[in-house]
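For the sequence shown, the numbering used here gives the first residue as 512, with consecutive numbering after it.
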Amino acid sequence: MTDRRYRETIHTDFNNYEYTTISNDENKVRIYTLKNGLKVFLAQNFDAPRIQTYIPVRTGSNNDPSDNTGLAHYLEHMMFKGTSKIGTQNWEKESELLDQISDLYEQHKAESDPEKKKEIYKKIDEISQEASQYAIANEYDKAISSLGATGTNAHTWFDETVYKNNIPNNELEKWLKVEKERFSEMVLRLFHTELESVYEEFNRAQDNDSRLVNYELMDALFPTHPNGQQTTLGKPEHLKNPSMKAIHKYFDEYYVPNNYAVVLVGDLDFEKTIQLVDQYFGAIPYRELPKKTPIIEKPITEIVRRTVKSPTTPRVQLAWRTESYGTREAMLADIVANILSNRGEAGLLDLNINQTQKLLWGQAFSVGLKEYGYFSIVAVPKETQTLDEAKELVLEQIELLKNGDFPDWMLPAIINDFKLQRMKTLETADGLATNLYDTYIKGRTWEQELNEMDEYAQFTKEDVVTFSNEFF
Numbered sequence: 512m513t514d515r516r517y518r519e520t521i522h523t524d525f526n527n528y529e530y531t532t533i534s535n536d537e538n539k540v541r542i543y544t545l546k547n548g549l550k551v552f553l554a555q556n557f558d559a560p561r562i563q564t565y566i567p568v569r570t571g572s573n574n575d576p577s578d579n580t581g582l583a584h585y586l587e588h589m590m591f592k593g594t595s596k597i598g599t600q601n602w603e604k605e606s607e608l609l610d611q612i613s614d615l616y617e618q619h620k621a622e623s624d625p626e627k628k629k630e631i632y633k634k635i636d637e638i639s640q641e642a643s644q645y646a647i648a649n650e651y652d653k654a655i656s657s658l659g660a661t662g663t664n665a666h667t668w669f670d671e672t673v674y675k676n677n678i679p680n681n682e683l684e685k686w687l688k689v690e691k692e693r694f695s696e697m698v699l700r701l702f703h704t705e706l707e708s709v710y711e712e713f714n715r716a717q718d719n720d721s722r723l724v725n726y727e728l729m730d731a732l733f734p735t736h737p738n739g740q741q742t743t744l745g746k747p748e749h750l751k752n753p754s755m756k757a758i759h760k761y762f763d764e765y766y767v768p769n770n771y772a773v774v775l776v777g778d779l780d781f782e783k784t785i786q787l788v789d790q791y792f793g794a795i796p797y798r799e800l801p802k803k804t805p806i807i808e809k810p811i812t813e814i815v816r817r818t819v820k821s822p823t824t825p826r827v828q829l830a831w832r833t834e835s836y837g838t839r840e841a842m843l844a845d846i847v848a849n850i851l852s853n854r855g856e857a858g859l860l861d862l863n864i865n866q867t868q869k870l871l872w873g874q875a876f877s878v879g880l881k882e883y884g885y886f887s888i889v890a891v892p893k894e895t896q897t898l899d900e901a902k903e904l905v906l907e908q909i910e911l912l913k914n915g916d917f918p919d920w921m922l923p924a925i926i927n928d929f930k931l932q933r934m935k936t937l938e939t940a941d942g943l944a945t946n947l948y949d950t951y952i953k954g955r956t957w958e959q960e961l962n963e964m965d966e967y968a969q970f971t972k973e974d975v976v977t978f979s980n981e982f983f
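Written out as structure tokens, the structure reads:
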């Protein structure tokens, strides 16, 4: 391994806040760690008088309790419903009713008799109607919109729940005040109304055959790990039997400052910004995270076959499990995916399969996750072809990889394209902010992220051929 071009350096700013930068980082990102463990990523971008904000939480559906799948995603929805200070006309009266609703949901979850469950749900419905009279719907959204925020949203995935806003830079303090409020307290207001929205989202997903294929694929790749055993949307029986107490417990355990970050990229002053972040978020107490035992998957020793029935175009999808994002294996899988599928133009699948119309369509890709990952090829046959014929055609392209039958110029061209795309991404406020939060979620350092392109550049054609023969 050659000398690393990017190295971490520790500094202290005018107000005595310690931070790190990375040598040769063109974006001059500053990374602070507050006393409560909160990571703060700051970078300047003067394209507009605005700031792209992300609050990434290092938890997602992989931390859902096994009897409450879909919880992290549902909690994400509830984070927009306000707190005891935002979204209520009378918190004292509303909170009493919310406590009653919470207790009834526990009874509902524990009850097995369908008729008794209906009776309990009827009570939940009645008290929810009463509680809704004290709720001010959408007050969080209105408060954020009044600041001139755009792009207000959130998403949940395996190991992440990420909250996003783009705000005018002169409204930073007001934004911090609102966000500090909602990250300090979880109020499950208008709970069963939102539950209906989440269940509708689940139902829509059942009509998406790509998602259904992916569920089977992940289950086969990860028979033990939550990557394959839990979905972000959850199981229908869990969505129909939610627990407000379980959601509060999850929030208390994972929504702690040492488990999320504040990412701000835009027209900002470093010293003033870190003071403001500390003023609002610094008082939220540090809490130990739940102890987790690593889940180790056994090697896949035989081919696993699954069939998904769907009215849409038939296709075959092949997949191989990889090691985690950032590992040598994951990086080589990424390179191989790009040798096979390269913007629809120069990859082996592009040239030998798609452009020659041997199949309707073929594509390779790799997915790097915090724990494990996978490499996959999708092949869509023509009407006259079988799925097995489609499979054999794409496997022929893998044989070319194993034999080194691809142009010598291709690997350096792919690495150069990686570098170009990374450079373009980091030039925009949102692109840089997204890279920063993704680095945080995956438990990597900014130094590792910046050095990644140089690590890719060290791979040779021989490395790719050796990997292909061992991996496939």
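All C-beta atoms in this analysis are idealised placements derived from N, C-alpha and C, irrespective of residue type, glycine included.
Q: Could you spell out the range, first to last residue, of the alpha helix (DSSP H) harbouring Trp-686?
A: 683-695
Q. Just to check, is the beta-carbon of Arg-832 closer than 7 Å to a non-hydrogen atom of the ligand GTP?
A. Of the ligands one can find in the structure shown there are none, so the ligand GTP has no counterpart to examine.
Q) Who are the Cβ neighbours of Leu-912 in its own chain at under 8 Å, not counting the five residues just before and after it? A) Val-847, Ile-850, Leu-851, Leu-859, Val-975, Val-976, Ser-979 and Phe-983
Q: Can you give me the start and stop residues for the alpha helix (DSSP H) that Gly-942 sits inside?
A: 940-952
Q: Kindly indicate which three-state DSSP category Ile-487 falls into: helix, strand or coil?
A: Outside the displayed span of the chain (512 to 983) sits residue 487, for which this structure offers no information.
**Q.** Residue of Glu-782, Met-590 and Phe-876 minimising C-alpha distance to Asn-664
**A.** Met-590
(Q) Rounding to the nearest angstrom, what Cα-Cα distance links Leu-862 and Glu-856 in this structure? (A) 7 Å
Q: Using DSSP bridges, identify the partner residues of Gln-786.
A: Paired residue(s): none; Gln-786 is not in a bridge.
Q | Whether Ile-785 touches Tyr-585 by CB criterion (8 Å) | A | no
Q. Can we say the stretch 633-650 touches the stretch 738-750, given the rule of at least three CB pairs closer than 8 Å?
A. no
Q: Can you have a look at Ser-534 and say buried or exposed, based on whether 16 or more other CB atoms are within 10 angstroms of its CB?
A: exposed
**Q.** Span separating the alpha-carbon of Asn-579 from that of Asn-853
**A.** 40 Å
Q.
Suppose contacts are defined by Cβ-Cβ distances below 8 Å. Is Ile-638 in contact with Tyr-616 by that definition?
A. Taking C-beta atoms as the reference points, Ile-638 and Tyr-616 fail to come closer than 8 Å.
**Q.** Terminal residues of the alpha helix (DSSP H) in which Gly-858 lies
**A.** For Gly-858, no alpha helix (DSSP H) segment is defined, and its DSSP state is neither H nor E.
Q. When you compare only the Cα positions, how much space is there between Phe-733 and Thr-804?
A. 16 Å
Q. Should the stretch 786-804 be called in touch with the stretch 587-602, which here means at least 3 C-beta pairs below 8 Å?
A. no
Q | Ile-745 classed as buried or exposed, judged by whether at least 16 other C-beta atoms fall within 10 angstroms | A | Rather than Ile, the amino acid found at residue 745 in this sequence is Gly. So Gly-745 counts as buried.
**Q.** Reduced DSSP category for Asn-573 - H, G, I as helix; E, B as strand; rest coil
**A.** helix
**Q.** Exposure of Gly-662, with buried meaning 16 or more beta-carbon neighbours within 10 Å
**A.** Label assigned to Gly-662: exposed.
Q: Assign Phe-557 to buried or exposed, taking buried as 16 or more other Cβ atoms, counted over all protein chains shown, within 10 Å of its Cβ.
A: exposed
Q: Less than 8 Å between the CB atoms is what I'm expecting for Asp-928 and Ser-877, so what's the real figure, rounded?
A: About 15 Å; that fails the 8 Å criterion.
Q: Go ahead and label Trp-920 buried or exposed: buried means 16 or more other beta carbons lie within 10 angstroms of its beta carbon, across all protein chains shown.
A: With fewer than 16 Cβ atoms within 10 Å of its Cβ, Trp-920 is classed as exposed.
Q) So, using beta-carbon positions, are Leu-880 and Asp-610 closer together than 8 Å? A) It is not a contact, given that the beta carbons lie outside the stated cut-off.
Q. Leaving out five residues before and five after Glu-963 in sequence, what residues of the same chain have Cβ atoms less than 7 Å from its Cβ?
A. none
Q: Go through its chain and collect everything with a Cβ distance to Tyr-530's Cβ below 7 Å, but skip five positions before and after it.
A: His-522, Asp-524, Arg-541, Ile-542 and Tyr-543
Q) Tell me which same chain residues have a C-beta within less than 6 Å of the C-beta of Ile-926, skipping the five on either side of it? A) Tyr-967 and Ala-968
Q. Where does Gln-640 land, buried or exposed, given buried means 16+ other C-beta within 10 angstroms?
A. exposed
Q. With Ala-988 and Ile-597 assumed to form a contact (beta carbons below 8 Å), what rounded beta-carbon distance in angstroms separates them?
A. Residue 988 is absent from the structure shown; the chain starts at 512 and stops at 983.
Q | Reference Asp-575, options Gln-740, Arg-518 and Thr-818, closest by Cα | A | Gln-740
**Q.** Cα-Cα separation between Pro-768 and Lys-688, rounded to whole angstroms
**A.** 15 Å
Q: Using three-state DSSP, classify Glu-529 as helix, strand or coil.
A: Three-state DSSP puts Glu-529 in a strand.
Q: Given a cut-off of 8 Å, decide if Phe-694 and Leu-553 are closer than it, judged by their beta-carbon atoms.
A: no
(Q) Could you tell me which whole beta strand (DSSP E) segments of length 3 or greater appear in the stretch 861-898? (A) 872-879 and 884-891
Q: From the DSSP output, in three-state form, read off His-588 for me.
A: helix
Q: Decide yes or no for the touch test of the stretch 697-709 against the stretch 771-781: beta carbon pairs closer than 8 Å, at least 3 of them.
A: Judged by Cβ distances under 8 Å, the stretch 697-709 makes no contact with the stretch 771-781, as fewer than three pairs qualify.
Q) Assuming Val-788 contacts Leu-723 under a Cβ cut-off of 8 Å, what Cβ separation, rounded to an integer in Å, is found between them? A) So it is not a contact: roughly 42 Å between Cβ atoms.
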